[in-house]
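Asks: Counting in full-length UniProt numbering, the sequence shown runs from 1 upward without gaps.
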Amino acid sequence: MKKNFKFDVDYIREQFPALAKTVNGYHEAFLDGPGGTQVPRRVARAVCDYLFYYNANEEGAFRTSVKSDELVVNCRKIFAEFFNCDPCEVAFGENTSSNNFKMAFCFARMFEPGDEILITNIDHEANRSPWRLLEQLGFVVKVVDIHPETITLDFEDFKSKLSHKTKIFAINWAANSCGTITDVKKFIAEAHKYGAITIVDSVHYAPHKLIDVKEIDTDILQCSAYKYFGPHLGVTYCKKELGDKLNSTRVQAYDNTRMPLKLETGTLAMELVNGAAEAVKFIADAGKHHMNQLEDEVKNYSGLRKEIAAGMKAFEYYEDELADALRAKLTDIAGLKIYGPGEGAPRTPTVSFRIEGVHAHDIAAALADKGLNVWDGDYYAIATIRDVLGLEPVGGLVRVGFAPYNLMSEVDRVYEVVKEFGR
Ligand SMILES: Cc1ncc(COP(=O)(O)O)c(C=O)c1O
Numbered sequence: 001m002k003k004n005f006k007f008d009v010d011y012i013r014e015q016f017p018a019l020a021k022t023v024n025g026y027h028e029a030f031l032d033g034p035g036g037t038q039v040p041r042r043v044a045r046a047v048c049d050y051l052f053y054y055n056a057n058e059e060g061a062f063r064t065s066v067k068s069d070e071l072v073v074n075c076r077k078i079f080a081e082f083f084n085c086d087p088c089e090v091a092f093g094e095n096t097s098s099n100n101f102k103m104a105f106c107f108a109r110m111f112e113p114g115d116e117i118l119i120t121n122i123d124h125e126a127n128r129s130p131w132r133l134l135e136q137l138g139f140v141v142k143v144v145d146i147h148p149e150t151i152t153l154d155f156e157d158f159k160s161k162l163s164h165k166t167k168i169f170a171i172n173w174a175a176n177s178c179g180t181i182t183d184v185k186k187f188i189a190e191a192h193k194y195g196a197i198t199i200v201d202s203v204h205y206a207p208h209k210l211i212d213v214k215e216i217d218t219d220i221l222q223c224s225a226y227k228y229f230g231p232h233l234g235v236t237y238c239k240k241e242l243g244d245k246l247n248s249t250r251v252q253a254y255d256n257t258r259m260p261l262k263l264e265t266g267t268l269a270m271e272l273v274n275g276a277a278e279a280v281k282f283i284a285d286a287g288k289h290h291m292n293q294l295e296d297e298v299k300n301y302s303g304l305r306k307e308i309a310a311g312m313k314a315f316e317y318y319e320d321e322l323a324d325a326l327r328a329k330l331t332d333i334a335g336l337k338i339y340g341p342g343e344g345a346p347r348t349p350t351v352s353f354r355i356e357g358v359h360a361h362d363i364a365a366a367l368a369d370k371g372l373n374v375w376d377g378d379y380y381a382i383a384t385i386r387d388v389l390g391l392e393p394v395g396g397l398v399r400v401g402f403a404p405y406n407l408m409s410e411v412d413r414v415y416e417v418v419k420e421f422g423r
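1. Determine contact between the segment 50-59 and the segment 87-103, defined as no fewer than three beta-carbon pairs at a distance below 8 Å.
2. Note the first and the last residue of the continuous alpha helix (DSSP H) segment covering V47.
3. Is any heavy atom in ligand 1 found nearer than 7 Å to the beta carbon of T236?
4. Less than 8 Å separating the beta-carbons of T150 and F169?
5. Would you grab the beta carbon distance between G396 and A366 for me? Rounded to a whole angstrom, and I think it's under 8 Å.
6. Considering V9, what are the terminal residues of the alpha helix (DSSP H) in which it resides?
7. Looking at R250: is its Cβ nearer than 8 Å to the Cβ of T265?
8. Would you kindly work out how many angstroms separate the C-alpha atoms of S65 and N172, rounded to a whole number?
9. When the Cα of K159 is compared with those of N74, A196 and F105, which residue comes out closest?
10. Whose CA, out of K419, G371, G401 and K3, lies closest to the CA of N24?
11. At which residues does the alpha helix (DSSP H) containing G74 begin and terminate?
12. Can you give me the start and stop residues for the alpha helix (DSSP H) that I211 sits inside?
13. Should D201 be listed as close to ligand 1, given that the test is whether its C-beta is under 7 Å from any heavy atom?
14. Helix, strand or coil for S160? Go by DSSP, reduced to three states.
15. Using beta-carbon positions only, say whether L134 and I117 come within less than 8 Å of one another.
16. For a test of your reading of the model: does the CB of P34 fall under 7 Å from any non-hydrogen atom of ligand 1? Yes or no.
17. Using CA atoms only, rank isn't needed, just tell me which of S248, P349, K299 and E81 is closest to F315.
Structure follows, in structure tokens:
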């Protein structure tokens, strides 16, 4: 936490109607952010506004269609600020899993059987299964291992599996299993030495940190707006020079050659695109709200990107304080083990743990009873939780994930329930 930084959590909370709900007489606390965040009123309004006032298909001669097209162009500009790229490098789709499956279909026709794909054991299945599917077409899939004690990627193992045969390298920026943030820039630079195309899953990173696709130099990056206050929509960044070469899967009648349209199959969910862009504006406005305290840290940015950067910083400082407090409290509980990288290592405010001899679901259910929403299981980080850690028989891990609308009192409430399970 930045010294003396004061986060205005009331300003954030009053924008989220869901936070007024109660369960069994308790305020419902949404600590399930890594599964999906709640939505501020303005995002839902933006979805409705589109449907009420802009609803038309693309490229019509009439006014509503023209306005709708202008709105989508503007949403791409907003996401270009979010990613630090050109608007023509922003494509919208159903969700990250589907967007990767679509990409896999492009790559299937770009490379030859025998070519290699490198995936990792730290990734969510959304960034593994699509590439594994290509195995059925004769591609060779290799898997980068993790250090099980810290849930961090093994860079040496990665280097040993990388070669001139590697055509695709898929890696996540932050692990939804337990919050590890990977230095993807280092991995990408290495993969590029061999000419591999890199795909970064930033789904768990995007809600907590500023994305800069130029800085990490990835070819493709995926994220999902519903993890950062938006509706259920996937957003893709694709480097224009790669996108121009991709043989994508739009129907013949559509323009199959232009970026970014060539990455979008058929009519977009434009109401969700408008909602997703509004979520970015929500982050930017939170940045503006805290700007007087953060000016120094974001002075190298300008315009909307500066506000987004400030919003992310404000969230990060506040969420880290909550996560650190929870970790400190949980370490008191006998038999409880927190998984993930240790103190000082880069990580998101996601705290995953289990208690020896207790099924993870029993803890999650007891928390749910008190209005404390957390996830348990493997959260589709199956390779990490099941294959590497072997935790399937005990129900995987309990995961508490913080968002900027959570409270320190919720940390205390979680602790009070979990401590009852201690030995
Ligand atoms: C790290 C990570 N990647 C990918 C996904 C899948 O995203 P989507 O539901 O948009 O397909 C998730 C969802 O939980 C995730 O946490």
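Cβ coordinates follow ideal geometry from the N, Cα and C atoms, glycine included.
Replies: Looking at the coordinates:
1. no
2. R41 to D49
3. no
4. One thing to note: T150 has its Cβ no nearer than 8 Å to the Cβ of F169.
5. That belief does not hold up - the Cβ atoms of G396 and A366 are roughly 16 Å apart, past 8 Å.
6. V9 to R13
7. If you check the CB distance, R250 and T265 come in under 8 Å.
8. 37 Å
9. A196
10. Answer by Cα proximity: G371.
11. Note on identity: in this sequence residue 74 is Asn, with Gly being the wrong assignment. Note, N74: alpha helix (DSSP H), R63 to F83.
12. Bounds of any alpha helix (DSSP H) do not take in I211, whose DSSP letter is neither H nor E.
13. D201 Cβ: within cutoff of ligand 1.
14. helix
15. yes
16. yes
17. P349
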